[in-house]
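In our numbering, the protein residues as written are 95 to 375.
The beta carbon of each residue, even a glycine, is placed where N, CA and C say it ideally should be.
Nothing here was measured: the structure is a model prediction, and the numbers come from that model.
The structure appears right after this line, and notes come after that.
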Ligand SMILES: Cc1ncc(COP(=O)(O)O)c(C=O)c1O
């Protein structure tokens, strides 16, 4: 009962932390990236990480229409750089990751469960896999400008994400799959040079150590390794607590009234629950 209450009371997601990632991090020395800014070493590292990452995620998402890539301090930082350089109004689905709305309120696009009115003139900020429940879903028909947040990629199996044709930016993070939330690791892909990140990149102005950590993770794990390793535990816990497994291995959903306060979507009785307090991953 105590555990059930714990997952009901946990509004946020607790990212899984594992011993093997901890051991891996011990291999990285800060001195390895004590580079002179402007001499090209940091750019070489970032170019390598970009090429590796495009390949790392290619079975999930094709990034070939997004020629520009930037390091950011997690998706949160990507959201800052987007919102602070974009004056257009934006919209989002109900239950979506709340951070953009904390920086600048957007318009809610849902009018009912699986029933939404998308304004063709407003930018859509949307996460796939979804921050609402950790699940993949199809966005094909959307034709407004899109900011696509793929933060949950690396916590799921391989399924296809087809970015809508007017997708302008795609965000990735290493916080969720690997418990690296405090390291602030993210990548942004764009079709056009980014208004702020492009200038920073020209001056080799990013966190060089962060790029090395992304490299370390991708050299040791494939994009679906965490899901493969932990999905049995997820299924066991879902069985034990009578929950529906999310596509994200450390999340589950439930329509049980008991978890009502964790429902993120008014028109949907599904509550998003984080399994991390129930186990050690
Ligand atoms: C959909 C979504 N995007 C972004 C983030 C934040 O990611 P990061 O730690 O990379 O800033 C979260 C975290 O909860 C999230 O759920």
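Within a Cβ cutoff of 7 Å, which residues of the same chain sit near residue i, ignoring the five residues on either side of it in sequence?
i           : result
residue 303 : 124, 127
residue 135 : 129
Kindly list the residues whose CB is nearer than 6 Å to the CB of residue i, restricted to its own chain and excluding five residues on each side of it in sequence; keep chain order.
i           : result
residue 167 : 278
residue 365 : 348, 353, 356, 357
Check residue i in the structure and name its three-state DSSP category.
i           : result
residue 337 : coil
residue 299 : coil
residue 209 : strand
residue 249 : coil
residue 332 : helix
residue 140 : helix
Under a Cβ-count criterion, where at least 16 other Cβ atoms within 10 Å of its own Cβ denotes burial, should residue i be classed as buried or exposed?
i           : result
residue 211 : exposed
residue 289 : exposed
residue 182 : exposed
residue 144 : buried
residue 354 : exposed
residue 270 : buried
residue 201 : exposed
residue 284 : buried
residue 241 : buried
residue 120 : exposed
residue 280 : buried
residue 142 : exposed
Whole angstroms is fine: what's the gap from residue i's alpha carbon to residue j's?
i           : j           : result
residue 185 : residue 369 : 29 Å
residue 339 : residue 158 : 32 Å
residue 169 : residue 230 : 18 Å
residue 149 : residue 329 : 29 Å
residue 228 : residue 188 : 14 Å
residue 209 : residue 117 : 46 Å
residue 154 : residue 351 : 34 Å
residue 72  : residue 267 : No answer is possible for residue 72: it lies beyond the span of the chain, which begins at 95 and ends at 375.
residue 260 : residue 131 : 35 Å
Less than 8 Å between C-beta atoms, sequence neighbours within five positions excluded: which residues of the same chain meet that for residue i?
i           : result
residue 139 : 127, 302, 305, 306, 309
With a cut-off of 8 Å, does the C-beta of residue i fall near any C-beta of chain C?
i           : result
residue 339 : Protein chain content of the structure displayed is limited to a single chain, and chain C is not contained in it.
Pick out the complete beta strand (DSSP E) segments inside the region 227-274, 3 residues or longer, and give them in chain order.
Runs found: 240-243, 261-267.
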